[in-house]
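Worksheet for the structure shown next.
In our numbering, the protein residues as written are 324 to 477.
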């Protein structure tokens with residue numbers, strides 16, 4: 324702060340102070356030297372670029388591009404080969420898909436909700452069934468014991 328105040332107040336010394344600054348911090352000393360981290364990052368990027376996965380992705384991309392070309396050719400053959408009409412058809416299909424997608428997502432969420440409701444109801448039914456089973460076993464046990472007691476008495 325003090326240096327800046329002097330620099331503003333004393334315009335005649337501006338050149339002197341500026342030249343000292345330029346000598347002290349010349350452009351060569353301010354260059355960023357590659358650090359180990361930068362080198363590691365560069366080597367990691369290169370290893371990813373040269374990896375088997377990257378080559379597989381490039382290969383798959385090329386396959387998908389070839390499939391797209393085949394689909395476009397089939398569409399052109401089916402719809403008269405007019406590129407504009409095919410593009411219009413594709414745009415209509417894309418528009419329909421974009422409009423239908425939220426509805427589909429809504430249906431999916433409804434199905435998930437119904438599924439969770441059904442799971443809850445099935446769990447409750449299972450619990451109720453287990454309770455009834457225990458009650459039935461208890462009644463059968465009581466009947467068998469009372470029958471055994473009756474037979475012992477006779």
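For glycine and all other residues, C-beta sits at the position ideal for the given N, C-alpha and C. Computed from a prediction, not measured in an experiment: that's the story for all the values here.
Check, Outcome
"Inter-residue spacing [alpha-carbon to alpha-carbon] between residue 471 and residue 448", "34 Å"
"Residue span of the alpha helix (DSSP H) that contains residue 402, given as start and end", "Premise fails: residue 402 is in no alpha helix (DSSP H) and is neither H nor E."
"Limits of the unbroken alpha helix (DSSP H) element including residue 358", "Segment: none, residue 358 is in no alpha helix (DSSP H) and carries neither H nor E."
"Nearest-angstrom Cα separation, counted from residue 376 out to residue 425", "34 Å"
"Nearest-angstrom Cα separation, counted from residue 389 out to residue 380", "14 Å"
"Where residue 477 falls: helix, strand or coil (DSSP)", "coil"
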